[in-house]
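Quick note: the sequence shown uses this note's numbering, first residue 23, plus one each step. For glycine and all other residues, C-beta sits at the position ideal for the given N, C-alpha and C. Here is the structure we will look at, set down as structure tokens.
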Amino acid sequence: MTTIAQVSDLHCGSQHFVPSLLDRALVEINELAPDAVIVSGDLTGDGLRAEYEEARSYLDRIQCERMVVIPGNHDSRNVGYVHFEELFGQRRSELHGEGVSIVAVDSTEPDLDHGVIGRGRYEWIEERFGSTVAYLRIFVLHHHLLPVPGTGRRWWCRTKIRRYASVDPKRSSIHSYRPRPITPWSRSGSVESTATIETPSPWSSERRWPNSSSKCT
23 MTTIAQVSDL HCGSQHFVPS LLDRALVEIN ELAPDAVIVS GDLTGDGLRA
73 EYEEARSYLD RIQCERMVVI PGNHDSRNVG YVHFEELFGQ RRSELHGEGV
123 SIVAVDSTEP DLDHGVIGRG RYEWIEERFG STVAYLRIFV LHHHLLPVPG
173 TGRRWWCRTK IRRYASVDPK RSSIHSYRPR PITPWSRSGS VESTATIETP
223 SPWSSERRWP NSSSKCT
């Protein structure tokens with residue numbers, strides 16, 4: 023049985039950042055004792071070095087050796103992608119365990135809120151998902167794949183995701199989110215609540231910060 027925790031939009035350094043909320047989220051993640059943790063971007067408010075260092079200090083408190091971290095649009099401001107690579111490694115990652123594959127890409131563009139994957143990455147995505155037999159494939163990026171509720175906007179085509187992830191449409195599910203402020207009675211919000219996915223297979227990985235060679239607000 024595998025447990026996967028996901029957290030997003032920490033926004034360290036932002037005027038809206040509330041340390042106690044992130045402290046609580048990290049406690050909940052560690053209580054889950056996850057086999058893998060996905061951090062799907064917007065670690066910082068404006069991509070500044072001090073914000074990255076703060077984010078790294080928080081994420082180092084997660085008691086999990088298998089972690090996937092990618093940047094969000096806020097992280098690519100002010101050449102923040104340079105700081106990301108210095109503190110977290112390359113901006114794309116992958117983890118493969120028996121029965122489970124996670125492939126994560128950087129969807130950001132410098133100093134822009136919108137995102138793109140680009141045709142040049144399709145082959146790599148397909149290759150990495152095809153490298154391992156998996157019952158569960160998880161494709162991670164910061165920007166929305168599905169229309170954001172209430173905006174009427176679409177992003178990347180779902181059929182392309184299924185094609186390049188080698189996914190059977192009848193056995194696949196694609197998820198997105200719309201951030202909401204955390205309240206004392208709600209566990210979802212700007213710091214995404216943790217979630218678990220149970221599979222019958224164990225994990226194996228060697229790196230805590232993988233270095234393997236993808237319009238938010």
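Cβ-Cβ distance between residue i and residue j below 8 Å
| i | j | result |
| --- | --- | --- |
| Ala-55 | Thr-24 | no |
| Val-91 | Val-61 | yes |
| Arg-159 | Phe-151 | yes |
| Asn-100 | Gly-119 | no |
| Arg-83 | Leu-43 | no |
Exposure of residue i, with buried meaning 16 or more beta-carbon neighbours within 10 Å
| i | result |
| --- | --- |
| His-164 | buried |
| Ala-72 | exposed |
| His-33 | buried |
| Tyr-157 | exposed |
| Gln-85 | exposed |
Endpoints, alpha helix (DSSP H) assigned at residue i
| i | result |
| --- | --- |
| Ala-72 | 71-81 |
| Ile-60 | Segment 58-62 is the beta strand (DSSP E) holding Ile-60; no alpha helix (DSSP H) there. |
| Ile-26 | Unbroken run through Ile-26 is the beta strand (DSSP E), 26-29; no alpha helix (DSSP H). |
| Ser-42 | 41-54 |
| His-246 | As displayed, the chain neither begins before 23 nor continues past 239, which places residue 246 out of reach and without an answer. |
Residue from the options with nearest C-alpha to residue i
| i | options | result |
| --- | --- | --- |
| Arg-46 | Tyr-80, His-166, His-38 | Tyr-80 |
| His-38 | Val-61, Ile-60, Leu-65 | Leu-65 |
| Arg-141 | Val-127, Asp-133, Leu-134, Thr-154 | Val-127 |
| Ser-115 | Arg-78, Ser-129, His-96, Gly-121 | Ser-129 |
| Val-31 | Glu-87, Asn-95, Leu-167 | It is worth fixing the name first, because residue 31 is Asp in this sequence and not Val. For the residues Glu-87, Asn-95, Leu-167, the minimum Cα distance to Asp-31 belongs to Asn-95. |
Span of the beta strand (DSSP E), counted from its first residue to its last, around residue i
| i | result |
| --- | --- |
| Ile-92 | 89-92 |
| His-118 | 115-119 |
**Asked** Enumerated in chain order, which unbroken segments of the alpha helix (DSSP H) with a length of 4 residues or greater are wholly contained in the stretch 125-175?
**Response** 144-152
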